[in-house]
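>
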Amino acid sequence: VEFRGVENVKPELMELREECGVTVPTSRLPTRVQNKIATMGSAIKYYDFEEVRKHNKLDDLWVMVEGQVYDITAFVSRHPGGWLPLINMAGKDATDVMAEYHPAAVFENILPKFHIGVVKDYKVSPITQGYREIRQEL
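Counting from 25, one number per residue, gives the positions in the sequence shown under the numbering used here.
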């Protein structure tokens with residue numbers, strides 16, 4: 025996949041997402057999150073996967089997206105799809121669910137508000153990586 029008209033973003037951080045019925049190139053890491061990480065430098069919080077997994081309840085709900093940690097507890101009652109999809113992904117890697125069910129604007133405008141850190145031991149399995157590549161081709 026070739027990304028034209030997108031500047032200052034490494035190709036490996038890009039993917040295609042839907043926005044109002046149109047496929048648009050989007051950074052996998054929201055601009056505001058990139059800026060936060062760059063600004064905070066060594067002050068950014070790092071969590072291991074096991075710590076994130078502990079936050080799996082409606083009143084304490086974290087998810088991972090592209091190796092970033094988001095505390096979405098305050099968003100549970102406002103999620104347009106209800107609380108059930110959120111509790112199903114609580115404490116887990118929600119990267120693919122986010123990509124499948126959310127437009128680019130959610131990544132850029134809503135998700136960054138809940139960013140709390142980075143998963144230090146984030147890994148993508150070969151099967152998941154293959155799925156993501158196929159999704160991009162489709």
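We put the CB at the ideal spot given by N, CA and C, even for glycine.
Alpha carbon to alpha carbon, what distance is there between residue 126 and residue 103?
Within the sequence shown, the letter at position 79 stands for residue 103. Within the sequence shown, the letter at position 102 stands for residue 126. Going by the C-alpha atoms only, they are around 11 Å apart.
> In chain order, what residues of the same chain have a beta carbon less than 6 Å from the beta carbon of residue 122, not counting five sequence neighbours either side?
Working through the sequence shown from its first residue, we reach residue 122 at position 98. So the qualifying residues of the chain are 89.
> At what residues does the beta strand (DSSP E) containing residue 134 begin and finish?
Within the sequence shown, the letter at position 110 stands for residue 134. Segment: none, residue 134 is in no beta strand (DSSP E) and carries neither H nor E.
> With DSSP run on the structure shown, which of helix, strand or coil describes residue 148?
In the sequence shown, the residue the question calls residue 148 occupies position 124. DSSP places residue 148 in coil when its eight states are reduced to three.
> Report the CB separation of residue 72 from residue 116 in whole angstroms; it is logged as a contact under 8 Å.
Position 48 of the sequence shown, counting from 1, holds the residue named residue 72. Position 92 of the sequence shown, counting from 1, holds the residue named residue 116. Residue 72 to residue 116, Cβ: 14 Å. No contact.
> For the putative contact between residue 43 and residue 128, defined by C-beta atoms under 8 Å, what is the C-beta separation to the nearest angstrom?
As a working note, residue 43 is residue 19 in the sequence shown. As a working note, residue 128 is residue 104 in the sequence shown. Contact flag correct, Cβ pair sits at about 4 Å.
> If I'm right that residue 141 touches residue 78 with Cβ under 8 Å, what's the distance once you round it to whole angstroms?
Residue numbering aside, residue 141 sits at position 117 when the sequence shown is read from its first letter. Residue numbering aside, residue 78 sits at position 54 when the sequence shown is read from its first letter. Contact flag wrong, Cβ pair sits at about 14 Å.
> Report the rounded CA-to-CA distance for residue 158 versus residue 80, giving the unit in angstroms.
By 1-based counting over the sequence shown, the position of residue 158 is 134. By 1-based counting over the sequence shown, the position of residue 80 is 56. In a straight line, the C-alpha of residue 158 is about 29 Å away from that of residue 80.
> Rounded to the nearest angstrom, how far is the Cβ of residue 76 from that of residue 113, given a contact under 8 Å?
Residue mapping note: residue 76 aligns to position 52 of the sequence shown, counting from 1. Residue mapping note: residue 113 aligns to position 89 of the sequence shown, counting from 1. Not quite, the Cβ-Cβ distance comes to about 11 Å (not below 8 Å), so this is no contact.
> If you draw a straight line from the alpha carbon of residue 96 to that of residue 57, how long is it in whole angstroms?
For the purposes of this step, residue 96 is identified with residue 72 of the sequence shown, where counting begins at 1. For the purposes of this step, residue 57 is identified with residue 33 of the sequence shown, where counting begins at 1. About 15 Å.
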